[in-house]
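Peer 1: The UniProt record's numbering numbers the first residue of the sequence shown as 1 and each following residue consecutively. Pasting a structure below so you can have a look.
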Amino acid sequence: MLTQLVASQAQRSNVAPSSSSQQGDSTSSRVNRFLQLDPPVFTGANPEKDPQDFIDEMHKTLRVMRATEIEGVELATYRLKGAAYSWFELWEDSREEGHPPARWSEFADAFIDHFLPTETRVTRVAEFENLRQGNRSVWEYHMEFARLSKYAIHMLPTMEAKVRRFVQGLNYLTINEASMAALNLDMNYGKMVAFAQATENRKLKNKIEREGNSKARSTGNIGESLGGGRLAFKGGSSWPSQSVAQSSASAPP
1 MLTQLVASQA QRSNVAPSSS SQQGDSTSSR VNRFLQLDPP VFTGANPEKD PQDFIDEMHK
61 TLRVMRATEI EGVELATYRL KGAAYSWFEL WEDSREEGHP PARWSEFADA FIDHFLPTET
121 RVTRVAEFEN LRQGNRSVWE YHMEFARLSK YAIHMLPTME AKVRRFVQGL NYLTINEASM
181 AALNLDMNYG KMVAFAQATE NRKLKNKIER EGNSKARSTG NIGESLGGGR LAFKGGSSWP
241 SQSVAQSSAS APP
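Rendered as structure tokens:
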């Protein structure tokens, strides 16, 4: 069984096999490759560990390996520990006898159903529905969008729908330009995030420059006002003499 081979391979991970052994045992090479990619471990005991993250990260690892759906289940389950592996054994035993080996899609669905309660998924779908950029940067908004959209795949059946939903949540700084860019036929989610970031950076840079110019003008105006006051004071130095002269002229002989 592949799981047993994974375990034995892990124990021998510090011993480099000969080239002939590698050529003669493609399964062992696959297992070694899997372990080198350092796939995630899931125990089911830590509430801060998101089950969806385990599935997503494992899926990326298996995709890099070009693993089949059946091989993917065998490899992934080796990275289940403690309560998580106990669940897998029960789930595997509950499958009908003589049933074909479990496929990745079946395993992933059963895993999420067990470790991510319905109430939690409903809450995260609601969070996604209400998600707006607000005071976040475009990148921060994108990260939250990516995190929550995994729980609302049914709301994003196409790339166009995903782009449209992302644009709807942008703030006043970029939404107008992004709405126009979304009309391009070749637009996808990655391009839209990059476009919104570039637009945001450009507008923020222009805003900083305008504020700097405005501050410089204000400082200049204050300087001119103060300078004018000093000139008026100096020019007014003849005023007392003129006043004294007038007083002297009006004084009786």
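In this text, a Cβ means the ideal position worked out from N, Cα and C, and glycines have one as well. In this text the structure is predicted, and so the values were computed from the model without any measurement.
Could you tell me which of Arg33, Asn206, Glu160 sits nearest to Leu185, measuring between CA atoms?
Peer 2: Taking the first residue of the sequence shown as 1, we reach residue 185 at position 185. Here the closest residue by C-alpha is Glu160.
Peer 1: Measure the C-alpha to C-alpha separation of Asn135 and Thr174 and round it to an integer number of angstroms.
Peer 2: On the sequence shown, position 135 is the one that residue 135 refers to. On the sequence shown, position 174 is the one that residue 174 refers to. The straight-line gap from Cα to Cα measures roughly 12 Å.
Peer 1: Considering only residues of the UniProt domain "Retrotransposon gag" (75-171), which uninterrupted alpha helix (DSSP H) runs meet the minimum length of 4 residues and lie entirely inside it, listed in chain order?
Peer 2: 83-94, 104-115, 118-129, 138-149, 159-168
Peer 1: Using the beta-carbon count (16 or more within 10 Å), is Arg79 buried or exposed?
Peer 2: Position 79 of the sequence shown holds residue 79. Its Cβ being crowded by 16 or more others within 10 Å, Arg79 is buried.
Peer 1: Assign Thr118 to one of two classes, buried (16 or more other C-beta atoms within 10 Å of its C-beta) or exposed (fewer than that).
Peer 2: Taking the first residue of the sequence shown as 1, we reach residue 118 at position 118. Result: exposed.
Peer 1: Using CA atoms only, rank isn't needed, just tell me which of Met187, Tyr172, Val193 is closest to Thr158.
Peer 2: By one-based count along the sequence shown, residue 158 stands at place 158. Here the closest residue by C-alpha is Met187.
Peer 1: Could you give the distance in angstroms between the alpha-carbon of Gln197 and the alpha-carbon of Val138?
Peer 2: Here residue 197 corresponds to residue number 197 of the sequence shown, with the count starting at 1. Here residue 138 corresponds to residue number 138 of the sequence shown, with the count starting at 1. Between Gln197 and Val138, the C-alpha separation is close to 6 Å.
Peer 1: Kindly give me the distance between the Cβ atoms of Phe54 and Phe42, rounded to whole angstroms, as I take these residues to be in contact under 8 Å.
Peer 2: The residue labelled residue 54 in the question sits at position 54 within the sequence shown. The residue labelled residue 42 in the question sits at position 42 within the sequence shown. With a Cβ gap of about 4 Å, Phe54 and Phe42 count as contacting.
Peer 1: Could you tell me the alpha carbon to alpha carbon distance between Thr199 and Ser26, rounded to whole angstroms?
Peer 2: As a working mapping, residue 199 is identified with position 199 in the sequence shown. As a working mapping, residue 26 is identified with position 26 in the sequence shown. The alpha-carbon atoms of Thr199 and Ser26 are separated by roughly 50 Å.
Peer 1: Alpha carbon to alpha carbon, how far is Lys162 from Leu156? Give it in angstroms, no decimals.
Peer 2: For the purposes of this step, residue 156 is identified with residue 156 of the sequence shown, where counting begins at 1. For the purposes of this step, residue 162 is identified with residue 162 of the sequence shown, where counting begins at 1. Each residue's Cα considered, the two are about 5 Å apart.
Peer 1: Can you check whether the CB of Thr61 is closer than 8 Å to the CB of Pro39?
Peer 2: The residue given as residue 39 occupies position 39 in the sequence shown. The residue given as residue 61 occupies position 61 in the sequence shown. Going by C-beta atoms, Pro39 is nearer than 8 Å to Thr61.
Peer 1: Note the first and the last residue of the continuous alpha helix (DSSP H) segment covering Glu57.
Peer 2: Taking the sequence shown and counting its residues from 1, the one referred to as residue 57 is at position 57. For Glu57, the enclosing alpha helix (DSSP H) begins and ends at 51-65.
Peer 1: Using the C-alpha atoms, what's the distance from Asp109 back to Lys191?
Peer 2: Taking the sequence shown and counting its residues from 1, one reaches residue 191 at position 191. Taking the sequence shown and counting its residues from 1, one reaches residue 109 at position 109. So the alpha carbons of these two residues sit roughly 30 Å apart.
Peer 1: Tell me the rounded alpha-carbon separation between Arg202 and Glu144.
Peer 2: Here the question's residue 202 lines up with position 202 in the sequence shown. Here the question's residue 144 lines up with position 144 in the sequence shown. Whole-angstrom Cα-Cα distance: 22 Å.
Peer 1: Sorted by chain position, which residues of the same chain lie with C-beta nearer than 7 Å to Ser121's C-beta, five sequence neighbours on each side aside?
Peer 2: If you number the sequence shown from 1, residue 121 lands on position 121. Per the sequence presented here, residue 121 reads as Arg, with Ser not at that position. Hits under 7 Å: Tyr151.
Peer 1: What whole-angstrom Cβ distance do Leu148 and Arg124 have, given they're in contact under 8 Å?
Peer 2: Sequence index remark: in the sequence shown, residue 148 carries index 148 (1-based). Sequence index remark: in the sequence shown, residue 124 carries index 124 (1-based). Rounded, the Cβ-Cβ distance is 6 Å, consistent with contact.
Peer 1: Check each candidate in Lys207, Glu48, Asn176, Arg210 and name the one with the smallest Cα separation from Phe195.
Peer 2: Position 195 of the sequence shown, counting from 1, holds the residue named residue 195. Measuring from the Cα of Phe195, the nearest candidate turns out to be Asn176.
Peer 1: Is the CB-CB distance between Ala84 and Phe107 below 8 Å?
Peer 2: Here residue 84 is taken as the residue at index 84 of the sequence shown, counted from 1. Here residue 107 is taken as the residue at index 107 of the sequence shown, counted from 1. Result no, Cβ atoms of Ala84 and Phe107 do not sit closer than 8 Å.
Peer 1: Measure from the alpha carbon of His99 to the alpha carbon of each residue in Phe115, Ile70, Pro51, then state which is nearest.
Peer 2: On the sequence shown, position 99 is the one that residue 99 refers to. The option with the nearest alpha carbon to His99 is Ile70.
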